[in-house]
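Worksheet for the structure shown next.
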Amino acid sequence: MSKDIIVIEELDKVYDNDFKALSKINLSIRRGEIFALLGANGAGKTTLIGVVCGLVNATSGTVTVGGYDHVKNYRSARSLIGLVPQELYLDPFLNVMETLAIARGFYGKKPDKKLLEQVLRDLSLWEKKDDKVQQLSGGMKRRVLIGKALMNEPEVLFLDEPTAGVDVDLRRGMWELVSKLKERGTTIILTTHYIEEAQDMADRIGVIIDGQISLVEEKETLMKQFGGKNLKIHLAEKLQKLPRWCDEGNLTLSEDGMTLTYTYKASESTGITALLTQLKEEGINMVDLSTEETSLEEIFVNLTHNDS
Amino acid sequence: MNIIGLKTLYLKEMSRTFRVPGQTLLSPVLTTALYFIVFGSAVGTQLGSIDGVSYAQYIVPGLIMMALLTNALSAASSGIYFPKFIGTKYELLSAPLSYLEITLGFALASASRAMIISVIIYLVSLFFTPIPIEHPLLALLFASLTAFAFSLFGLVIGIWADSFEKLSIFPVLIITPLSFLGGIFYSIDILPPLWQKLSLINPIVYMISGLRWSFFGITDINPLISFGMICIFTVACSLVLSWMFRTGYRIKS
């Protein structure tokens, strides 16, 4: 069995208005991983998901899901996929249980009451199972969408902005569910505006800019390669200005003169020992030290700005 | 073939019919019954028979056919337009359903709905006049094939339409006038020669004529020609639908 469950090669999408949404996309998604696809609005995330799931016709290129071509063997390919779209696309006149049961039926699978109950309970929808979808709150509707996507027991789950507009509790609940699915071996591909979620959950990160994949990397490697660390030195007495010997690029003084911030790369020789020794020799006393890591969000912003 | 998927879509669409029976079943029956009361029972009693059939009986196949094709068309067009409008088309397009299965799911459900309405209309008309059916199986064939053909036509319209206004243009501006001019209330033989020839361009003429022949054994047009025209219409709609699905016209981006 191949380690890659999705393989995208040389994928292009040009819309009728000549807008090039995707350009020469080459991307492999590993079996069982959580892959976060990051990109600004209009970068091509939803188009890419749409092509893989059969909602958008590609202009050229190939996509295989579980080894099946998504056009020639679309039945086998789509049988492996569950999709949670970005918008709350639900039939308002059906109740929750009907909505989920129909979703399973479309996949050619016989009704499974046990699975239906389990999905409804996992998503805290059991009490609402007989309610019409139109009576539900936005957060509840989002859960119903996730429930629909789980009804065909997918091997690959696409989550397109799944936590957009949902409250903190629900968001936390969703990520617990995602963790459970990963434990069961489900591959998860997510796009999210909450980059801290990608930072917490993802195994690998992909960045898409103007329809092109500009980076795919293990999260840990990405954080090391592009991320930095800040050492905060809290001073005992106020410092009027930085000592002359300081490298001003790496060391900054806070406005109140009470904190020095030293920026360094975790992967390189840090220079912390030399800095602290020098401070001691200068008679600059410290009361506390702390370190903090550059967030994925800062890395993402730097990447997208550098690219543009 | 994804039989369970096809059955799920069929049952989902049928449940739409029974969810609002007043709108989907009662309304067309009431409308047709009013036509029957006014033109069949009231005006019809003042008119003579046509080819040995009383006027009240004569208009029944036409009224059934008008209800059949308008309901098949509107059920199918709204059936496929609604998921486009609310965005739920994604669940059909991302499921392992072929275009043929999607087409059959919508078309068979719409045709079933139209057939149910037609049977009810026939039963209602029995309260007003006895209506024997000379060729019941052929009547069923003509009716079901027409219902299916107009369901396919409805799907074409539903996919083409990008607004509710466009969705209603065909039934209101084209189907209803063509039905009225298609010989519901008269035999095209009584028209002047030019209008007779022009009437033959109207596909609904053949459908009404075919059903009327299977009811009473009388017709303006050879029933085989009527049958052939319905088949041609079905094939034409199927080809257009096939092109629409293959290219993703107004369904996929």
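If you read the sequences in order, they're chains S and L. Throughout, the numbering used here is defined as the position within the first sequence, counted from one, plus 56. Anchor point for the second sequence: position 9 equals 0 in the numbering used here, and the numbering is continuous, going up by one each time. Beta carbons are placed, not taken as given, at the ideal position from N, Cα and C, and that holds for glycine.
The region 150 to 169 of chain S / the region 188 to 197 of chain S touching (three or more Cβ pairs under 8 Å): yes
Supposed close pair residue 201 of chain L, residue 217 of chain L - CB separation, criterion 8 Å: 3 Å
Residue 201 of chain L (DSSP reduced to helix, strand or coil): helix
Nearest residue (CA-CA) to residue 68 of chain L, options L:209, L:109, L:149: L:149
8 Å Cβ cutoff, residue 236 of chain L in contact with chain S: no
Whether residue 241 of chain L touches residue 153 of chain L by CB criterion (8 Å): yes
Chain L contacts made by the region 58 to 71 of chain S, where a contact means CB separation under 9 Å: 69, 71
Beta-carbon spacing of residue 65 of chain L, residue 145 of chain L below 8 Å: yes
Per-residue contacts from residue 10 of chain L into chain S (C-beta, under 8 Å): 149
First through last residue of the alpha helix (DSSP H) which encompasses residue 243 of chain S: Note, residue 243 of chain S: premise wrong, no alpha helix (DSSP H); beta strand (DSSP E) at 243 to 247.
Residue(s) in a DSSP beta bridge with residue 286 of chain S: S:319, S:348
Cβ-based neighbour list, residue 203 of chain S, same chain, cut-off 7 Å, excluding 5 preceding and 5 following: 156, 175, 176, 179, 181
Sub-8 Å separation of residue 243 of chain L and residue 234 of chain S beta-carbons: no
Simplified DSSP state of residue 103 of chain L, which is helix, strand or coil: helix
Given residue 300 of chain S as reference, the closest of S:134, S:331, S:128 once Cα atoms are compared: S:331
Under the three-state DSSP convention, the category residue 124 of chain S falls into: strand
Positions along the region 74 to 94 of chain L whose CB lies within less than 9 Å of some CB in chain S: 74, 77, 78, 79, 80, 81, 82, 83, 84, 85, 86, 87, 88, 89
is_contact[residue 62 of chain L, chain B] using C-beta, thresh 8 Å: Absent from the structure is chain B; the protein chains it does hold are S and L.
Contact between the region 259 to 268 of chain S and the region 87 to 100 of chain S (3+ Cβ pairs under 8 Å): yes
Which residues DSSP lists as bridging residue 151 of chain S, in chain order: S:188
Minimum Cβ-Cβ distance from residue 93 of chain S to chain L less than 8 Å: no
Other residues of its chain near residue 116 of chain L: CB distance less than 7 Å, five sequence neighbours each side excluded: 27, 51, 122
Stretch-stretch touch, CB-based, cutoff 8 Å, three pairs: the region 135 to 145 of chain L with the region 45 to 64 of chain L: yes
Alpha carbon of residue 280 of chain S to alpha carbon of residue 6 of chain L, nearest angstrom: 56 Å
Of the listed residues S:336, S:232, S:142, nearest to residue 292 of chain S (C-alpha basis): S:336
Chain S within 8 Å of residue 15 of chain L, Cβ atoms only: no
Beta strand (DSSP E) runs wholly inside the region -6 to 64 of chain L, at least 3 long, in chain order: none
Short CB-CB distance (under 8 Å) between residue 239 of chain L and chain S: yes
Cα-Cα separation between residue 31 of chain L and residue 97 of chain L, rounded to whole angstroms: 34 Å
Rounded C-alpha distance that separates residue 296 of chain S from residue 316 of chain S: 11 Å
Proximal residues of chain L, C-beta to C-beta of residue 79 of chain S below 9 Å: Within 9 Å Cβ-Cβ: nothing; residue 79 of chain S doesn't reach chain L, min ~16 Å.
The region 199 to 217 of chain S in contact with the region 134 to 152 of chain S per 3-pair CB rule at 8 Å: yes
Neighbour flag for residue 220 of chain S against chain L, beta carbons, 8 Å: no
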